[in-house]
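Novice: This structure is in structure tokens; I'll ask about it shortly.
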Amino acid sequence: MSKRDYYEVLGVSQDVDGTALKKAYRKLALKYHPDRNPEDQEAAEEKLKEINEAFSVLSDSDRRARYDRFGHDGVGDLGGFGGFGNVNDLFQDLFGSIFGDSFRGSRGPARGQDLLMEEELTFEEAALGTEKTLEVPYHITCDTCDGSGAEKGSKPEACSVCRGNGEVRMQQGFFTMVRTCSNCGGSGQVIPNPCKACKGAGLQEEFSEVEVNIPPGAYEGLRIRLRGKGELSPNGGPPGDLYILIRVEEHPLFERDGDNVICEIPISFIQAAMGSRIDVPTIHGMTSMKIPAGTQPGTVFRLKKKGIPRLNGPGMGDQKVRVMVEVPKSLNKEQRELLEKFEEISGDSKDCNPKRHSFLEKVKGFFHMEE
Ligand SMILES: [Zn+2]
Ligand SMILES: [Zn+2]
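In terms of this note's numbering, the sequence shown is residues 26 to 396.
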């Protein structure tokens, strides 16, 4: 995936000064704040992420100089910031608490982890939608240590790195960055003698049943996000999200092409020549289709609206039926005699075999001219 130019992202010129840069950033960050875009929070978050990344580079004179010389390669993926969470800190530093705690920053108790689960669906389940009940692992307070994570008779101690604050301040250019302490994970405590049952995590694994609505039109590789269905936070923060990664089994009859379904159907050369009505399987059930007389091998017929419903929208794909004309592999005596009789009366006639007829005409003409 190619990244957009950071100056372009922030809508500023290459010679922008620090004040104008900050102003441009502030304007965009406010505009795309998820709280201000309730109808499309995810898109706003994505946008904000891009804006934050651009600002984090351009607001740092060293990194900006590297970016000017070497482009995105010069500053690496998020460069020295190491992830979105820390850029959130920057965001919170700039805006203080104007949005309260609703913006999910990494300051304070850490958010529960996101979970990713794969779910394999049949071709029809993905195409038509279905409901699934998933066994999702999550963690609750450990019974043995009551969640303290400490072995009986011992206690957690204040973290020496952050002195029990749960966060560390550091200078980054002209900003003070605040980040969650990595030594204690933001809890401000460490456990010298961890509980054996939970290895000090204070949590034990349980499973919950989560109902997932798979929408019609789901496809291989689709990720469905269930907000707040991920891991619980170990220290009182909001839970993470659960992502369901959709896998789709192959189907013996159908192939998918966007919203369309492709199905190959073999027919006999007699059916192709004389025309016929054939039964066609679709994901919506059996239907019947007319094959006109004189149908050629590989002809594709289209059954309107017999395909896959469009994901999250109106409309329905078609089914494409490709007919494969089969030539008999072996003939008994009676069949052979009948076909010989047929050949006798039709031969290379223009009506029966127009292509062969014209080919033979060309061959004749070619050798005539060579003489
Ligand atoms: Zn425990
Ligand atoms: Zn700490």
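Ideal Cβ positions, reconstructed from N, Cα and C, are used throughout, including at glycine.
Treat the numbers as computed from the prediction; the structure is a model and nothing was measured.
1) Using 8 Å as the threshold, is the stretch 343-355 in touch with the stretch 321-331, meaning 3 or more CB pairs across them?
2) Specify which residues have a beta carbon nearer than 6 Å to any heavy atom of ligand 1, listing them in chain order.
3) Any heavy atom of ligand 2 closer than 7 Å to the Cβ of G225?
4) Following a CB-centred definition, is G261 positioned closer than 7 Å to any heavy atom of ligand 2?
5) Using a strict less-than 5 Å threshold between each residue's beta carbon and the heavy atoms of ligand 2, what residues do you get?
6) Between which two residues does the alpha helix (DSSP H) carrying S371 extend?
7) Less than 8 Å between the CB atoms is what I'm expecting for E143 and R272, so what's the real figure, rounded?
8) Roughly how many whole angstroms lie between the Cα atoms of T166 and K177?
9) Please list the segments of the beta strand (DSSP E) lying wholly inside the stretch 152-193, counting only runs of 3 or more residues, in order along the chain.
10) Helix, strand or coil: how does DSSP classify I271 here?
11) Do T155 and I239 have their CB atoms nearer than 8 Å?
12) Where do the ends of the beta strand (DSSP E) carrying E289 lie?
13) Please return the same chain residues whose Cβ sits closer than 7 Å to the Cβ of E70, not counting the five positions on each side in sequence.
14) Quick check on K254: does DSSP put it in helix, strand or coil?
15) Does the beta-carbon of F294 have 16 or more other beta-carbons within 10 angstroms, so that it is buried, or is it exposed?
16) With three or more C-beta pairs closer than 8 Å as the rule, is the stretch 357-374 touching the stretch 338-348?
17) DSSP has N238 in a bridge; who is on the other side?
18) Do C187 and C206 come within 8 Å of each other at the CB atom, strictly closer than that value?
19) Rounded to whole angstroms, what's the CA-CA distance from H393 to M311? Just pull it up for me.
20) In terms of residues, what are the limits of the beta strand (DSSP E) holding G43?
21) Considering only their Cβ atoms, is the gap separating L46 from L83 smaller than 8 Å?
22) Would you check if the distance between the CB atom of G137 and the CB atom of P217 is smaller than 8 Å?
23) Are the beta-carbon atoms of C170 and N208 separated by less than 8 Å?
Specialist: In terms of the structure at hand:
1) yes
2) With 6 Å as the limit between CB and the heavy atoms of ligand 1, the residues that fall short of it are C167, T169, C170, G174, C220, A222, C223 and G227.
3) no
4) no
5) C184, V186, C187, C206, N208 and C209
6) K358 to S371
7) 6 Å
8) 15 Å
9) 155-166
10) strand
11) yes
12) N285 to S293
13) P59
14) coil
15) exposed
16) no
17) E156
18) yes
19) 55 Å
20) Taken as a continuous stretch (DSSP letters only), G43 belongs to no beta strand (DSSP E), being part of the alpha helix (DSSP H) at G43 to K56.
21) yes
22) no
23) For C170 and N208, no; Cβs fall outside 8 Å.
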